[in-house]
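One structure is given below, encoded as structure tokens.
Chains as they are written, first to last, in this note's numbering: chain A, 1 to 506; chain B, 1001 to 1110.
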């Protein structure tokens, strides 16, 4: 595959569109954005707490989080408050809405989608859980335990719903969940309470990576709220093992159930029947934080940044060859170049970008800066924002070797449950490693050529995709497919006995 | 492979595509829709590559080199469900009922 390179490669340390130093100063003025406080004053619902915000939010800027110039949007990160008192000053009291309707409509109108990677409409999950808890015309609730007998695909009464805030963050490159939870634990916990109220949940969990600073912060926050009588639904903190799949929604349910944190085969949505057969909402912590802001300041405020189809902001972890790796909050549609620029820009010429983490998609470095960070903008590259990760691969590094390293890790992280994945991923990893080798240097004279290994990788990737209890094999296949597209010239070079790095586009 | 039913062309008694009694709760085995097209759902954590499903539904399923079921239609290789045309619903039901690992289930399409 050949790619026109109309965009200049990124010079080391400087973003082509804007100088490194611009981003923080522009973010400070925030002239084009609608900060939480100012929007609150125009909130037609007059939610409590709105008047508390003006001024305080503008002045607030976390040292390690910056807005992107021209796209400045500090929302969640601008509402950082380590303790309940600070949180109350910034955000006001919890805007209880009563069960069901009002919040669901607001979330629907806001167009909030899940921030854990799948981008599923949040209101649909909420509505499904609310309905499963109390299905219309259910005359004999609890007559039969969900999931034990024959199924008709119809939701059955499944008891009191459960809400889970998911901060397992098994993706090794991601830091946004931990950053958010450490900075604004009460905002996330407000989201838990409001979701619990909307679906009539009886208990809630925060599932957070074991031993992390976020775990300490959230435990403290929960204790504070308990002492203050802030919550209506009890919240329990549970720790997640540091495995790649620990945060997969059905693995979360398994872990809360006391089993190993491995995905479970489930043909009905967890919102119908999850933990102990009860309707279970597993939301990413960022989703819940957004939910808490929408409950306070409304759908119109939420939609005032981002794109029409993908409103609001998202947290992005920028990692790899950048000056200041870290988390940034941007509206959907922000060009990837601006995103990387907001973390100080690339520190050396860029070969490729990987969007969406380990199970993400490679984009050629030459075209990537102009591509918007949105599902729509990334769709033509077969990519999605996923859990909000942008990784910068320097041009001197070999994209095939990097892909082989990641596929090797992902193969080792399979849960050992589903045949096609258990046998397929290690085969695929060996094949990708063969493709990353250089003919003559890394291959035996009668061994497999890197080009042959590439065709085998393509075949094996197609064979594992979609054939598991969870989407783990699909993600690996996606990464391999995108590597074959983006690093096609590298595969040819490897087959001919030399390595280009990933700088073939310059 | 032993134990493969030989008379697969004989459709099950009763309604060819589902539940003869009309009570969805009485559906045995993998459950299924009363009417309409269906999807075949595979519990990959239970599947042990016994291969009965591919024997009973050769129109839709084949087996990969390890013996695990594989959708024949290229378009569905990357989807999670195999769509069952109405004419094969009876055979799909038999495959579901015959699976020694109880790894199959018929779901309503959509």
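Note that beta-carbon positions come from the ideal geometry of N, C-alpha and C, so glycine has one too.
Bear in mind that the values here come from a model prediction, so they are computed numbers and not experimental data.
With a 10 Å radius around the Cβ and a threshold of 16 neighbouring Cβ atoms, residue 498 of chain A comes out exposed. The secondary-structure analysis by DSSP pairs residue 125 of chain A with nothing; it has no beta-bridge partner. The DSSP-derived three-state label of residue 387 of chain A is coil.
Listed by position along chain A, the residues whose Cβ is nearer than 8 Å to that of residue 1049 of chain B are 419. Residues of the stretch 462-492 of chain A with a C-beta less than 8 Å from any C-beta of chain B: 462, 463, 465, 466, 467, 468, 469, 474 and 477, listed in chain order. Of all alpha-carbon atoms in A:167, A:118 and A:171, the one lying nearest the alpha-carbon of residue 391 of chain A is that of A:171.
If you check the CB distance, residue 305 of chain A and residue 339 of chain A do not come in under 8 Å. For residue 118 of chain A against residue 200 of chain A, the beta-carbon gap comes to about 24 Å, at or over 8 Å, which does not count as contact. Counting along the chain, residue 283 of chain A sits inside the beta strand (DSSP E) bounded by residues 280-284. Partner residues in the beta bridge of residue 1042 of chain B, as assigned by DSSP, are B:1104. For residue 267 of chain A, the C-beta contacts it makes with chain B under 7 Å involve 1041, 1105 and 1107, in order along the chain. Proximity of residue 423 of chain A to chain B, defined by a Cβ-Cβ separation below 8 Å, is satisfied.
Under DSSP, residue 159 of chain A forms no beta bridge with any residue. Residue 1108 of chain B and residue 1053 of chain B have their C-alpha atoms roughly 19 Å apart. Within the stretch 198-283 of chain A, the complete beta strand (DSSP E) segments at least 3 residues long are 203-209 and 235-240, listed from N- to C-terminus.
Judged by pairs of C-beta atoms under 8 Å, the stretch 309-317 of chain A touches the stretch 103-120 of chain A, as three or more such pairs exist.
Judged by DSSP in its simplified three-state form, residue 106 of chain A adopts helix.
In the same chain as residue 1103 of chain B, and ignoring 5 residues on each side of it, the C-beta atoms closer than 7 Å to its own belong to 1042, 1043, 1046 and 1047, in chain order.
By the Cβ rule, the stretch 344-357 of chain A counts as touching the stretch 380-394 of chain A, because three or more pairs are nearer than 8 Å. With contact defined as three or more Cβ pairs closer than 8 Å, the stretch 342-352 of chain A and the stretch 453-462 of chain A are not in contact. In the structure shown, residue 191 of chain A falls within a helical segment according to DSSP collapsed to helix, strand and coil.
The C-beta of residue 1045 of chain B comes closer than 8 Å to at least one C-beta of chain A. Among the residues facing chain A, residue 1066 of chain B is included, as its CB has a counterpart in that chain under 8 Å away. Counting C-beta atoms within 10 angstroms of its own C-beta, residue 495 of chain A has 16 or more neighbours from the protein chains shown and is therefore classed as buried. Proximity of the stretch 370-387 of chain A to the stretch 400-420 of chain A falls short of the contact definition, fewer than three beta-carbon pairs being nearer than 8 Å.
Annotation: the stretch 397-430 of chain A contains the following complete segments of the alpha helix (DSSP H) (minimum length 4 residues), in chain order: 399-412. Burial check for residue 436 of chain A: the Cβ neighbour count within 10 Å reaches 16 or more, so the residue is buried. Scanning A:254, A:261, A:294 and A:284 for the CA closest to the CA of residue 275 of chain A turns up A:254.
When secondary structure is reduced to three states using DSSP, residue 376 of chain A falls in the helix class.
Comparing alpha carbon positions, the residue from A:237, A:252, A:419 and A:235 closest to residue 243 of chain A is A:252. In the displayed model, residue 115 of chain A falls within coil according to three-state DSSP, outside both helix and strand.
Remark: C-beta atoms of residue 246 of chain A and residue 208 of chain A do not approach each other more closely than 8 Å. Secondary structure of residue 369 of chain A (DSSP, three-state): helix.
The beta carbon of residue 180 of chain A lies closer than 7 Å to those of 76, 188, 285, 286, 289 and 315 in the same chain, with the five residues before and after it left out.
Within the model, the alpha-carbon separation for residue 107 of chain A versus residue 1039 of chain B is close to 31 Å.
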